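2 protein chains.
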Amino acid sequence: MPKQSINPEDWLAALDESGFRVTTVQETLIDIFAHSQYPLSAEQAWDAARQSRPKTGRATVYRMVEKLENLGLIRRVHGYQGCSRFVPTLPELMMLFICLDCGRADYLDSQPLDDLIQHTEDASGHHIINSRLELFGACADCQQTD
Amino acid sequence: MPKQSINPEDWLAALDESGFRVTTVQETLIDIFAHSQYPLSAEQAWDAARQSRPKTGRATVYRMVEKLENLGLIRRVHGYQGCSRFVPTLPELMMLFICLDCGRADYLDSQPLDDLIQHTEDASGHHIINSRLELFGACADCQQTD
DNA sequence: ATTGCTATTGATACCATGTATCAATAAGGT
DNA sequence: ACCTTATTGATACATGGTATCAATAGCAAT
Numbered sequence: 000m001p002k003q004s005i006n007p008e009d010w011l012a013a014l015d016e017s018g019f020r021v022t023t024v025q026e027t028l029i030d031i032f033a034h035s036q037y038p039l040s041a042e043q044a045w046d047a048a049r050q051s052r053p054k055t056g057r058a059t060v061y062r063m064v065e066k067l068e069n070l071g072l073i074r075r076v077h078g079y080q081g082c083s084r085f086v087p088t089l090p091e092l093m094m095l096f097i098c099l100d101c102g103r104a105d106y107l108d109s110q111p112l113d114d115l116i117q118h119t120e121d122a123s124g125h126h127i128i129n130s131r132l133e134l135f136g137a138c139a140d141c142q143q144t145d
Numbered sequence: 000m001p002k003q004s005i006n007p008e009d010w011l012a013a014l015d016e017s018g019f020r021v022t023t024v025q026e027t028l029i030d031i032f033a034h035s036q037y038p039l040s041a042e043q044a045w046d047a048a049r050q051s052r053p054k055t056g057r058a059t060v061y062r063m064v065e066k067l068e069n070l071g072l073i074r075r076v077h078g079y080q081g082c083s084r085f086v087p088t089l090p091e092l093m094m095l096f097i098c099l100d101c102g103r104a105d106y107l108d109s110q111p112l113d114d115l116i117q118h119t120e121d122a123s124g125h126h127i128i129n130s131r132l133e134l135f136g137a138c139a140d141c142q143q144t145d
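Chains as they are written, first to last, in numbering that gives the first Met the number 0: chain A, 0 to 145; chain B, 0 to 145.
If you want it as structure tokens, here you go:
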């Protein structure tokens with residue numbers, strides 16, 4: 000459902016550029032996150048990783064998830080089966096919609112959010128440094144089959 | 000900083016109307032949440048509760064927090080010192096701003112968010128059932144003292 | 001007021017999720 | 001191929017939250 004596709008090579012390049020070593024665990028996990036249509040927990044990613052790389056350690060996955068989040072390559076989804084699931088990020092598409100029915104993530108253009116933030120700064124006098132917007136509901140596909 | 004004040008009696012009435020018994024623990028905890036300007040964790044609320052009511056149990060506080068959240072009287076703040084702090088809710092003021100400097104919550108009128116949701120529904124075809132918006136930054140007061 | 005029913009509570013034990021430690025491994029520059 | 005050191009995997013640990021269950025206390029009816 001993402002309108003842009005995610006390129007695992009770009010993620011490896013991002014790790015490399017940030018001075019991290021490129022390892023097989025990373026390749027494995029990046030592949031898992033980049034191709035998942037659904038929010039994944041670290042535990043789920045661990046299960047998935049061990050299918051292609053059985054000796055993958057649990058702590059390693061948690062460390063990797065943290066690293067990917069810090070680099071802005073994945074983002075945490077709050078309020079959907081807890082607060083510990085992650086989806087890949089897509090540049091310029093910071094408005095996240097999660098379908099409560101099929102669970103898929105859709106990424107929407109951030110312009111309306113940018114406008115809202117601008118408006119709020121003007122109206123309140125606060126300086127807004129970052130924001131979190133998540134939308135939940137029934138996606139266009141699931142509405143038709145209800 | 001909340002522009003409306005919160006009335007603990009209304010909360011007790013809400014519990015009563017929902018068929019729950021009104022107890023002293025509830026009064027204690029409602030007072031704590033209704034008067035806090037800062038997001039509080041369950042653990043912090045427990046500490047506060049025991050000052051006026053020493054034998055208050057930990058599990059009771061967790062249960063109460065869950066109940067208040069379910070009733071919509073408090074709301075969870077995500078991404079500010081974890082995902083387990085709560086602020087009281089204020090009707091019609093669903094846009095939450097948290098100052099990263101002083102930690103206080105400010106509540107903003109939801110109209111811009113309602114507009115954004117309407118626009119997104121029209122543009123995407125998704126039906127939006129609920130949303131979560133949090134804004135973080137430097138509040139008007141804290142900017143002046145920087 | 002007293003009683004009886006049952007929701008709520010407090011104490012404890014428990015579980016899940018995530019983190020610190022540390023020896024072994026493997027990137028990657030030389 | 002070698003050396004340095006970041007990364008890994010296994011284990012133990014910490015934290016935050018939940019299940020259990022006997023004791024307590026709301027509240028409605030008498």
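For every residue, glycine included, the Cβ atom is placed at its ideal position computed from N, Cα and C. Just so it is clear, the structure is predicted and the values come from calculations on it, not from any experiment.
Check whether chain B comes within 8 Å of A:Thr23, counting only Cβ atoms and requiring the distance to be less than that.
no
Sub-8 Å separation of B:Ser130 and B:Leu107 beta-carbons
no
Could you give the DSSP three-state label for B:His118: helix, strand or coil?
helix
Is there a Cβ from chain A that is less than 8 Å from the Cβ of B:Gln74?
Contrary to the premise, residue 74 of chain B reads as Arg rather than Gln in this sequence. With 8 Å as the cut-off, B:Arg74 does not count as an interface residue toward chain A.
Taking any Cβ of chain B, which residues in the stretch 108-135 of chain A have a Cβ under 9 Å from it, in chain order?
Asp108, Pro111, Leu112, Asp114, Leu115, Ile116, His118, Thr119, Glu120, Ala122, Ser123, Gly124, His125, His126, Ile127, Ile128, Asn129, Ser130, Arg131, Leu132, Glu133, Leu134 and Phe135
Between the CA atoms of B:Cys138 and A:His128 - distance to the nearest angstrom:
The amino acid at residue 128 of chain A is misidentified as His; the sequence shows Ile. Approximately 10 Å between the Cα atoms of the pair.
Looking at chain B, which residues of the stretch 75-105 of chain A have a Cβ within less than 9 Å of any of its Cβ atoms?
Arg75, His77, Gly78, Gly81, Cys82, Ser83, Met94, Phe96, Cys98, Leu99 and Asp105
Measure the C-alpha to C-alpha separation of A:Ala47 and A:Ile31 and round it to an integer number of angstroms.
7 Å
From B:Ala41 to A:Gly124, what distance separates their C-alpha atoms?
31 Å
Taking 8 Å as the threshold, find out whether the stretch 50-67 of chain B comes into contact with the stretch 54-66 of chain A through three or more Cβ pairs.
no
Grouping DSSP H, G and I as helix and E and B as strand, with all else coil, what is A:Phe126?
First, the residue type needs correcting, since residue 126 of chain A is His and not Phe in the sequence shown. Strand.
By the three-class DSSP mapping on this structure, what secondary structure does A:Asp15 have?
helix
Give the DSSP-derived three-state secondary structure of A:Glu133 in the structure shown.
strand
Would you verify that the beta carbon of B:Ala139 is, or is not, closer than 8 Å to some beta carbon of chain A?
yes
Given a limit of 7 Å on CB to CB distance, which residues of the stretch 46-74 of chain A reach chain B?
none
Counted within 10 angstroms of its Cβ, other Cβ atoms place B:Ser35 as buried (16 or more) or exposed
buried
Interface flag, A:Gln142 vs chain B, CB-CB below 8 Å:
yes
Selected residue, minimal CA-CA separation from B:Gly136, among B:Leu99, B:His126 and B:Thr144
B:Leu99
Can you give the Cα-Cα distance for B:Pro38 and B:His118, rounded to whole angstroms?
31 Å
State the CB to CB distance for the pair A:Pro87 and A:Ile73, rounded to an integer number of angstroms; the pair is presumed to be in contact (CB under 8 Å).
6 Å
Kindly indicate the opening and closing residues of the alpha helix (DSSP H) around A:Leu95.
It is not in any alpha helix (DSSP H) - A:Leu95 instead sits in the beta strand (DSSP E) that spans Met94 to Cys98.
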